[in-house]
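Numbering (the working numbering), first residue to last: 108 to 616. Here's the structure, in structure tokens; my notes come after.
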């Protein structure tokens with residue numbers, strides 16, 4: 108039988124500690140498109156939608172694509188923007204009701220919006236109200252989702268990434284589509300069980316390249332081969348969102364038609380949750396202060412070619428941080444480095460000022476520290492030479508995370524201050540591809556020291572070329588020290604804000 112499915116993407120990861128707002132303009136920077144236009148833009152990229160479409164084409168399904176809306180992580184979404192985007196999807200569902208056999212949604216799972224701590228759960232609930240309780244709905248999620256009971260209740264199958272750095276977008280989409288096929292055929296009836304841990308974050312942020320967390324994903328894959336188990340997702344959570352359901356969870360989608368599957372799903376979820384809890388102190392990152400980072404750089408003696416890469420962890424735009432903290436940059440400048448680079452520094456004001464001059468000009472201006480100097484440092488008054496200007500900041504990624512994807516920083520400039528090339532950009536974005544520097548004249552492989560605003564995604568492209576990687580906590584809002592932030596909504600007690608002895612209760616929904 109040839110099926111007809113409705114697809115949509117609504118993806119944003121939101122820090123509630125970032126005081127700004129995400130509107131439609133922020134979505135337009137990455138993608139805000141509907142129908143065939145959206146498919147044309149996303150068909151060859153590294154998105155879950157490609158996985159949906161690959162399976163649909165192989166099976167001969169008809170696809171009605173409602174929306175592709177993706178924004179770089181940042182502050183919560185305005186009510187107006189959320190209602191507009193959700194409305195496009197729900198309007199498509201109303202128009203196709205009675206014609207479609209299933210729905211596939213590409214979501215993040217840590218989106219926030221004015222008036223909604225769980226806008227994705229709200230969207231799924233609205234779709235259920237339109238399409239009824241029996242139409243199969245499948246969702247894909249980032250493993251940094253803060254899952255909610257509403258997400259689990261509304262999704263017949265939920266599939267999260269199993270890699271961090273995230274390089275399995277397409278595979279995740281294809282897995283969800285293959286399960287949806289079984290649900291539409293009637294050979295399985297999907298239900299999603301959710302188990303929530305009393306933690307803010309999983310050890311190592313859910314990294315898939317280190318133990319013990321990488322083993323959790325391997326175990327999830329093995330469980331997915333069992334009869335009646337449709338999908339198993341280990342979710343690290345997103346601690347930069349102060350909401351009731353913040354933190355790690357396990358999702359197990361199972362087949363209600365398979366005898367014993369519901370009980371087995373409970374066993375699987377509890378087994379993984381117990382392992383996550385027991386590993387809560389197994390952090391492999393050594394977080395250095397700016398002073399400790401400077402001391403490390405001074406003493407560093409490379410044993411292989413390549414730069415010393417410093418992750419500016421606490422100011423990662425990919426975690427919703429402002430991306431303009433200056434503390435690490437100050438430390439690098441004070442070291443008197445040669446042939447070093449730093450970025451991307453998100454400072455639209457500085458980028459605009461630099462574009463009033465020409466390449467080769469010597470300029471003095473304030474850089475960074477303008478969003479909230481309390482977290483990450485004050486603006487720096489710098490004098491340097493403009494090495495590169497780009498009006499659009501366009502590049503095409505060639506690494507594992509954004510390979511083949513066109514990325515836009517907006518007005519972009521490279522300012523050389525002493526021996527440090529500072530990549531100053533207008534639009535939000537973390538460092539996860541070498542082309543983000545090469546496109547503007549900085550060759551990462553040739554740098555002595557490279558400061559990157561990223562937490563983990565940079566590793567996929569930059570770790571292979573690095574002499575060594577170290578991690579700096581500059582004190583910005585995405586700091587691994589959760590106690591610098593004031594949480595008012597998370598369910599208490601919660602580790603590590605509270606002491607929890609023994610094995611806690613894992614909440615099932």
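Glycine is no exception: its CB is placed at the ideal position from the N, C-alpha and C atoms.
| field | Supposed close pair residue 282, residue 338 - CB separation, criterion 8 Å | value | 7 Å
| request: Please work out which residues of its chain come closer than 6 Å, Cβ to Cβ, to residue 131, disregarding the five sequence neighbours upstream and downstream, and give them in chain order. | output: 188
| said: What does the alpha-carbon distance come out to for the pair residue 115 and residue 483? | reply: 37 Å
| task | Mark residue 397 as exposed unless 16 or more other C-beta atoms lie within 10 angstroms of its C-beta, in which case mark it buried. | result | buried
| DSSP three-state assignment for residue 575, whether helix, strand or coil | strand
| Three-state secondary structure (DSSP) at residue 403? | helix
| query | Can you tell me whether residue 388 is buried or exposed, with buried defined as 16 or more other CB within 10 angstroms of its CB? | reply | exposed
| request: Label residue 119 either buried or exposed according to how many other C-beta atoms from any shown protein chain fall within 10 Å of its C-beta, with 16 as the threshold for buried. | output: buried
| Going by DSSP, which residues form a beta bridge with residue 111? | 169
| field | Inside the segment 362 to 408 only - beta strand (DSSP E) runs reaching at least 3 residues | value | none
| query | Taking Cβ to Cβ, would you say residue 574 is nearer than 8 Å to residue 560? | reply | no
| task | Return the residue from the list 181, 172, 328 that minimises the CA-CA distance to residue 133. | result | 181
| query | In whole angstroms, what separates the C-alpha of residue 150 from that of residue 563? | reply | 26 Å
| field | When 587, 329, 555, 203 are compared against residue 393, the one with the closest alpha-carbon | value | 587
| task | Would you list the one or two residues that DSSP bridges to residue 614? | result | 303
| Residues near residue 568 by beta carbon distance below 8 Å, same chain, minus five either side | 506, 507, 508, 539, 540, 541
| Going by other Cβ atoms of all chains shown within 10 Å of its Cβ, with 16 needed for buried, is residue 441 buried or exposed? | exposed
| Residue interval of the beta strand (DSSP E) (run including residue 214) | 209 to 214
| task | Within 10 angstroms of the Cβ of residue 419, are there 16 or more other Cβ atoms? Answer buried if so, exposed if not. | result | buried
| If residue 582 sits next to residue 434, beta carbons under 8 Å apart, how far is it from one beta carbon to the other, in whole angstroms? | 6 Å
| message | Let's test the definition: count the other Cβ atoms within 10 Å of the Cβ of residue 164 and tell me whether it reaches 16, buried, or not, exposed. | response | exposed
| residue 525 lies in the alpha helix (DSSP H); which residues open and close that run? | Where residue 525 is concerned, there is no enclosing alpha helix (DSSP H), given that its DSSP letter is neither H nor E.
| message | According to DSSP, simplified to helix, strand and coil, what is residue 531? | response | strand
| field | Of the residues 204, 367, 515, 445, the one placed nearest residue 178, counting alpha carbons only | value | 515
| query | Would you call the segment 400 to 409 and the segment 324 to 338 touching, i.e. three or more CB-CB distances under 8 Å? | reply | no
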